[in-house]
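Line order of the protein sequences matches chains A and B. Mapping the first sequence onto my numbering, position 8 (from 1) lands on 8, and the numbers just tick up by one. Mapping the second sequence onto my numbering, position 261 (from 1) lands on 599, and the numbers just tick up by one. All C-beta atoms, glycine included, are put in the ideal place defined by N, C-alpha and C. None of the values given here were measured: they were computed from a predicted structure.
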Amino acid sequence: MIKQDIGEYKHIWIFVEHKDGKAKSVSFELISKARELAEVLGCEVHTFALGKKVKHLADEVFRYGANKFYFIEDNLLSEYKTEPFRDAASYLIDKYKPEIVLIGATTLGRDLAGTIATKLNTGLTADTTGLDIDKKTNNLLMTRPTFGGNLMATIFCPDNRPQMSTSRPGVYKAVEFSVEGEVVEESFKFNKSNYLKTVIDKTLESEEAVNLNFYDVIVAGGLGMETKENFKYVKELSSILGGTWAASRKAVQMGWAPQTRQVGQTGQTVHPKIYIACGISGAIQHQVGMKSSEIIIAINKDEEAPIFEIATYGIVGETGKILPAMIDLFREKIKKER
Amino acid sequence: MHLLVFIKQVPDASQVRVNYNTGTLIREGVPAIINPFDKHAIEEAVRIKEKFSGTVSVITMGPPMAESSLKEALSMGVDNAYLLSDRVFAGSDTLATSYALWAGAKKIIEEKGDVDIFLSGKQAIDGDTAQTGPGIATRFDIPLVTYAIAIKDIDLKKRTIEIVRLIESGAETIETTFPCFITVEEEINKIRYAPLPYLIRAARATIKILNTKNTKIDSSKCGLKNSPTKVKKAFTPQKRERGEMINKGSMQDTLNFLYENIESTLKDMGKI
Ligand SMILES: Cc1cc2nc3c(=O)[nH]c(=O)nc-3n(C[C@H](O)[C@H](O)[C@H](O)COP(=O)(O)OP(=O)(O)OC[C@H]3O[C@@H](n4cnc5c(N)ncnc54)[C@H](O)[C@@H]3O)c2cc1C
Ligand SMILES: Nc1ncnc2c1ncn2[C@@H]1O[C@H](COP(=O)(O)O)[C@@H](O)[C@H]1O
């Protein structure tokens, strides 16, 4: 492997992901985390955005403490497609040589990061939940769960730059810290004939297609919801909490929820801040998909249910009674606080 | 039509246990399986082949024992199976793995002709990185479509394909051209039982071994030493302790107590 001259790489870069001109909160979370790391490294936090119209995002990133905002605006970037985004991002990174590049571990971010790292011939650590600086070497230490959350690994990238990581949304706290930042407009000459993909249709917010990982609160129902009708409680509670709803495999098999909402070994792996398991026994195949959630609340009528082994808070009782009361309580509390 | 599927043999993650005393994984007796997502990639390739005719090749990089996964792939209707196996590959990270698999795929193309559709799983359940597919696609410089949940249409004349993929807020349908690289989600299809003719053929089929001698793989780009990322340490996460069972007599008190306990988290999240 050819060793790079890693000394010329400086500053931490954050990819600003946005949707319809609105930045995703993970971008601010990463800026805040990067500020901590930058303090140790003695460098700055820079951001970059790609899109048809993104210049206005500068104000937002400066509000969270980014020192610089690079952007490329182009019609080709009007909606996300891997290849033009990859090429524009690689161009910027190659030109400015940041020592660290952080990207949110969203669907988009994980699609993009692997292609950029390959282009730049550098290391990438996916889906990290911890970032630190090794004080001796100034290397970035990136910690991530593997083996379905059974093992944690701390990865570093000693000889290649930039050090790249996709980081899970919701891990770091976005803290406002106003900075007078600098805006730098860049342009990239796309070779249009290279891009052979068209988006011909989008179904948004469909019940069927949902990326559960995007949500910080997930309310999941299992066979203990007893009827399809009762799933309305699961959905309602999730909407009051600004999250989404999910299901166990048995609930999916009953036809109470689409397979896309299944959590577990053969469904999606999720790590929300709050996971509420309603009438779910907590079989190992279900647990591997959710046990790294920060707070697990379990409601089950069987006090011996295995879900209670991993639950932060357990309530023994009937879902059909507890959920309606919980919905009333949360609705009232959340209204009051607002 | 020629389809090439990348499959990985993995330990069944749901059966891996943690020894909290030693801080290690207990892997004894844990069966090695085809990564579940990759099985759906095989199934999809075979279905496309059955509909449009053609051949399906699979490749796996791993130790000799990965042969059993290739046999299983053959029994699902795959025509050619390749095992990319060489000591120099040991310890490769995703950059080195995607390099080796790309070089291995080029050898298969030499032998069996151009590939129209490359498929892989969305991610491997042992590492969960989801980087290998995008890495290979980038090396071939072909369109990448990740998180596919359905193949809607293939037009052999125009050499185009319509794919539905998951995005954060729903799904989108992408049209792209051959050759392309697709990484698949589980819901793309249901795996069928292996039909008898496939089983018989699988029993007879031979598996081709690819290594640094019979391919043009540059061993200075493979293996632990040549991987940019290194593991500094591995440790078991804190054991999830059995938490608190809340029972405050009345349901109202129980729920109020629960709310008080999570109130600050809800505040931090900006929910209240
Ligand atoms: C290869 C394989 C892969 C699998 N993958 C997955 C996966 O991805 N995801 C997944 O979820 N499962 C998966 N499973 C299935 C898993 O083993 C369990 O069967 C499943 O998770 C059970 O779903 P459940 O908890 O809803 O149902 P059950 O296990 O039947 O549990 C229902 C629970 O509800 C409680 N209950 C019943 N009535 C009420 C009530 N009125 N009020 C309160 N509580 C009540 C019961 O006490 C019980 O604990 C997989 C299995 C295999 C073999
Ligand atoms: N050693 C390997 N051999 C063949 N395919 C692999 C290998 N590693 C990863 N893949 C493919 O790449 C996908 C993503 O793997 P990963 O990047 O490890 O999550 C898997 O689902 C496989 O299809």
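Limits of the alpha helix (DSSP H) - the one that B:S436 falls within | T432 to K450
query = So is A:M254 in contact with chain B if we call contact Cβ pairs under 8 Å?
reply = no
Requested in this report: Let me know if A:K33 comes out buried or exposed under the rule of 16 or more other beta-carbons within 10 Å of its beta-carbon.
Outcome: buried
message: Cutting at 6 Å between CB atoms, please list the residues of its own chain near A:T269, excluding the five before and the five after it.
response: G289
Q. Would you report the Cα separation of B:Q353 and A:T137, rounded to the nearest angstrom?
A. 38 Å
- With a cut-off of 8 Å, do at least 3 Cβ pairs link the segment 122 to 134 of chain A to the segment 77 to 89 of chain A? no
Is A:G123 near A:M164, with beta carbons less than 8 Å apart?
-> yes
To be precise: take each residue of the segment 352 to 376 of chain B, compare its Cβ to all Cβ atoms of chain A, and keep it if any distance is under 7 Å. Which residues remain?
S352, V354, V356, L363 and P374
- Item | Cβ-heavy atom distance, B:L439 to ligand 2, below 7 Å | yes
query: Beta carbon of A:K301: closer than 7 Å to some heavy atom of ligand 1?
result: yes
Range of the contiguous beta strand (DSSP E) that encloses B:L341:
H340 to F344
Exposure of A:S167, with buried meaning 16 or more beta-carbon neighbours within 10 Å = buried
Practice task
Just mark A:S361 as buried or exposed, buried being the case when its beta carbon has 16 or more other beta carbons within 10 Å.
Solution key: Given that chain A is displayed from residue 1 to residue 338, the structure contains no residue 361 of chain A and the question cannot be resolved.
query: Alpha carbon to alpha carbon, what distance is there between A:I295 and B:F595?
result: 15 Å
Legend entry - Cβ neighbours of B:L537 in the same chain (closer than 6 Å, five flanking residues each side left out): S413
Contact criterion: CB-CB distance below 8 Å. Does A:E8 meet it with respect to chain B?
no
Other residues of its chain near B:V348: CB distance less than 6 Å, five sequence neighbours each side excluded: N373, A462, I463 and D464
Problem - Identity of the residues DSSP links to B:S458 by a beta bridge - result: B:F344 and B:T521
Taking a Cβ distance cut-off of 9 Å, strictly less, list which residues of the segment 286 to 297 of chain A are near chain B, in chain order. Q287, V288, K291, S292, E294, I295, I296 and I297
Q) Name the chain B residues that come within less than 7 Å of A:G242, Cβ to Cβ? A) K609
| field | Boundaries of the beta strand (DSSP E) in which A:D127 is found, first to last residue | value | L124 to T128
Quick one: what does DSSP say A:I299 is sitting in, helix, strand or coil?
strand
Q. Based on the DSSP output, what are the partners of B:V483 in its beta bridges?
A. B:I520
Grouping DSSP H, G and I as helix and E and B as strand, with all else coil, what is B:D493? strand
Do B:G471 and ligand 2 come close, with the Cβ less than 7 Å from some heavy atom? yes
With three or more beta-carbon pairs closer than 8 Å as the criterion, would you say the segment 359 to 368 of chain B touches the segment 379 to 395 of chain B? no
Which of the three DSSP states, helix, strand or coil, is assigned to A:L76? helix
Point to revise | 7 Å Cβ shell around B:G561 - same chain, five flanking residues per side excluded | key: V426, F427, A428, G429, S430 and A434
* To do: Please compile the residues from chain B whose C-beta is within a distance smaller than 8 Å of the C-beta of A:M152.
  => A572, F573, T574 and P575
Looking at the structure shown, is A:A174 part of a helix, part of a strand, or coil, going by DSSP? coil
Residue-chain proximity (B:G429, chain A), Cβ-Cβ < 8 Å = no
>> For a contact defined as C-beta to C-beta under 8 Å, what are the partners of B:Y597 on chain A?
In response: L329, F330 and K333
Taking a cut of 8 Å between CB atoms, which residues from the segment 8 to 41 of chain A lie near chain B?
-> K19
Sequence-distant residues of its chain with Cβ nearer than 7 Å to B:K445 (five each side left out): L548 and T553
Considering only C-alpha positions, which residue in the set A:G222, A:W245, A:V263 and A:G282 is nearest to B:R580?
-> A:G282
Which of the three DSSP states, helix, strand or coil, is assigned to A:R161?
-> coil
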